[in-house]
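What follows is a single structure, written as structure tokens, with notes after it.
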Amino acid sequence: MFNLIWLIPVFPLLAFALIILVTRDDKRLSTYLAWGGIGLSWVISWGVVVQAAFASEHLGEHPYQLPLFTIPTGSSGLTMGFMVDPLTAAMLFMVPFVCLMIFIYSKGYMGLDTPQVDPRYSRFFAYISLFACGMLGLVLSDNLLTLFIFWEVMGLCSYLLIGFWFEKKYADPNRITPKQAGLKAFLTTRVGDVIMLLGLLYLYVQTGSLTFPEIFSEHSLEGLAHATVTLPLLGTMPVATAIALLIFGGAVGKSAQFPLHVWLPDAMEGPTPVSALIHAATMVSAGVYLVARCFPLFSAVEHGPQLVVVAIIGTFTAFMASTIAIAQDDIKRVLAYSTISQLGYMFAALGIGGYVAAVFHLLTHAFFKALLFLGSGSVIHGVEHGHHAVAHHGHGHDAHGTHHDDHAEEMQAEFDANDMKNMGGLRHKMPRTFVAFMAGTLALAGIIPFAGFWSKDEILAHAWEEATLVWVFLTLGAFLTAFYMGRQIFLVFFGRARTEAAEHAHESPGSMTWPLLILAFFAVVLGFIGTPWAHVLHKFIGHAYPEGHFQPIVAAISLSLAALGLLLGYFVYGRRPLAQGQPDPLEATLGPVWTVLRNKYYVDELYQATIIRFAVWLSQVFYKFDDLWFVDPIVDGVGKLGRELSLFLRRAIDDPIVDGAVNGVGQLADWGGRYLRLIQTGRMQEYLLFGMTVLLMLLGLYLYL
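Residues 2 to 706 (my numbering) make up the sequence shown, in order.
Set out below in structure tokens:
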């Protein structure tokens, strides 16, 4: 199967091209093309995983490489190709399957079999096919240049999909629109991408290669570790450290870590399947994958600061995002901050050397976070249909909040289907969604035997052994995770319906709920590949890294705090369910702290008042420099001088000499024609007589001579 790996990203790419060029008017055929593309990728990928499982130890030392083409670079060249090693195989187990579940779910979410089908339905499936192609190509890349190309493909797709409903507007002027959210995501991640590109260029200058087996060879890593560079403010450091930190900058942007985390919550303005793709199967997973892939480079300098920076950023982000999540009411934004927090766990694990633990949590998190996002989309779908059942029909609403007249926008201002306070009592109306959502919640909270318990516990156990402070903050984050997920469960599914929309909600169609139940199965059982008595995953991908140790006391503490968090969520939100319009109980308890958490520590406001304000001011200065002060005045002055010079040359040379000569020739021709036309009578017999006379004269002259 290894020789077929090049087809894995090609099938979704073909689906994208065919949908855009051929089948965009046939929504059903577009669906089947997208399903077929990702389905074929999934089949080949799992075949590769099975083959890799039987050769994991050999692949760990000698990855399978499939060269595709070479880019000439002077006297040498950059070979571009794909590669399979244990880490690639682990990602191929997760990415195409989760994408397939999201693709199937999207058919029902985008309303194919309903009157509310999205008008850009085929375009949506084309975009998510290209998105899947980007992640699959990134995972398979055997070099950083190909990886970066697919990395940017995903950046483009995120922009297109987050702003998919670009025409959507809100009555609240402070609420970000999908168009603004897409632009925010694109620009924020570009900051990290530029930093990463600098790291790739510097790495190529130092090694002459970007291919993983070459740059991670013992000789190359030793050279990078012993070479030094002096940087402003940072002083002298090993080249390996500088390159690792630059590459980590790209991961910080892509995986929404502090301080570039601000784009991810607003990315919820896109369709819910997009949120699941971004948060689980593709984009944000790419940042963690990048650091895991480049882990030999990050470990090249023993006791270097690069891993410390990774651990600090990851730990801080994990704790910070979990505190923000407890004060959010939007069902998807709670999960968005949860994703930011869980990605922080993965980076913290990598920073303290827990390579296998980080990859393990990356895999399990993808399944249960995709489940939770798709579950939230199912909830929103049911509540919106309940709202439409109550509201007047025929006013231009669709199932996903797209509005087509003023009345629809007015109703959107009155009702927000994403707000958990507009829900309640949905477990009886949406039983399949409730069961699946509960499985995802228990996995995320770290309740045994769900997958999240085993993967998160391995990170905490590693932190217990290597970095106590990291363990403390991650453990507190685990408690907060359980609490805000308990809050979400009790606000959404328990108590009584707080609105008529929730009262009239109904279960989502099978195309949406069956993927939920399948993902719920993995949320329950997937953790067993990393149990302390099996260590299947460690034997598969972690031959070069020390085996993690199960710490019963750590597991007991984390499990107790997770249970305590869920129990606290019940006491605050479940024992006395909120009534319609009732303020959140934590608002009075936490006071100003609640306000700070509600406003996300005012990071967006800080960026608006500093970076964005400075950028706008600087752009205005450059505009004035260009248009008013320097560039345009010079250009306009040169243009005016040229115009005056041309007028002078016209009067001095063109009009009297050039035009005079041309006009003179014309006048001469006119004068000659005026006299020559007198000999033209128009009588044929006169022309013949004249011709015969001339001929006779010539003949006589000839005979005479």
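All C-beta atoms in this analysis are idealised placements derived from N, C-alpha and C, irrespective of residue type, glycine included. On a predicted model such as this, the values are computed, not experimentally measured, just so you know.
Residue i versus the options, residue with shortest Cα-Cα distance
| i | options | result |
| --- | --- | --- |
| I6 | A53, L699, A16, D27 | A53 |
| F348 | I150, K255, L445, F167 | K255 |
| T89 | A133, K430, L607, L139 | L139 |
| L247 | P13, V310, D628 | V310 |
| I327 | F691, H429, G487 | G487 |
| H544 | G355, I680, E501, G251 | G355 |
| I45 | Q609, P13, L569, D267 | P13 |
| G315 | S342, P297, A392, S377 | S342 |
| F523 | R25, F132, L15, L373 | L373 |
| F126 | V275, F94, I150 | V275 |
| P73 | G209, M424, V663 | G209 |
| T500 | G511, Q581, F474, R577 | Q581 |
| E508 | W534, A392, R124, H382 | H382 |
| F249 | E303, V192, C134 | V192 |
| A281 | V230, A371, L162, F296 | A371 |
| I20 | R124, A268, H463, P10 | R124 |
| G426 | I490, T442, T469 | I490 |
| A319 | L146, I635, F474, I654 | F474 |
| N419 | A359, A337, L351, A367 | A337 |
| K540 | V357, S377, G638, D633 | V357 |
Buried versus exposed, by CB contacts within 10 Å (16 or more), residue i
| i | result |
| --- | --- |
| L704 | exposed |
| W472 | buried |
| R176 | exposed |
| K641 | exposed |
| Y290 | buried |
| Q258 | buried |
| Y65 | buried |
| L265 | buried |
| L697 | exposed |
| R678 | exposed |
| G395 | Its pLDDT being 45, under 50, G395 is placed unreliably in this model, and the coordinates cannot settle the point. |
| F623 | exposed |
| A618 | First, the amino acid is wrong: residue 618 is Trp here, not Ala. The residue in question, W618, is exposed, as its Cβ has fewer than 16 Cβ neighbours within 10 Å. |
| R334 | buried |
| W166 | buried |
| R644 | exposed |
| G667 | exposed |
| N144 | buried |
| Y676 | exposed |
| G701 | exposed |
| N600 | exposed |
| F70 | exposed |
| M685 | exposed |
| V23 | exposed |
| T365 | buried |
| L141 | buried |
| G708 | What the structure shows of the chain is the stretch from 2 to 706, and residue 708 is not part of that stretch, so it cannot be assessed. |
| V594 | exposed |
| F691 | exposed |
| K457 | buried |
DSSP bridge partner residues for residue i (one or two, in chain order)
| i | result |
| --- | --- |
| I72 | L79 |
| N144 | T212 |
| Y65 | V85 |
| D420 | D331 |
Extent of the continuous alpha helix (DSSP H) to which residue i belongs
| i | result |
| --- | --- |
| N664 | 660-677 |
| Y122 | 122-141 |
| I341 | 332-352 |
| G487 | 469-494 |
| P553 | 553-570 |
| K370 | 356-391 |
| Q52 | 28-54 |
| V617 | 614-625 |
| K430 | 427-430 |
| Q686 | 685-705 |
| Q583 | No alpha helix (DSSP H) contains Q583, which DSSP labels as neither H nor E. |
| D605 | 604-608 |
| V594 | 593-599 |
Beta carbon proximity, residue i to chain B, threshold 8 Å
| i | result |
| --- | --- |
| F631 | Absent here is chain B; the protein component of the structure consists of one chain. |
Q) For the segment 211-287, which segments carrying the beta strand (DSSP E) assignment without a break, of at least 3 residues, lie completely within its bounds, in sequence order? A) Unbroken beta strand (DSSP E) runs of no fewer than 3 residues, entirely contained in the segment 211-287, are found at 229-232, 236-239, following chain order.
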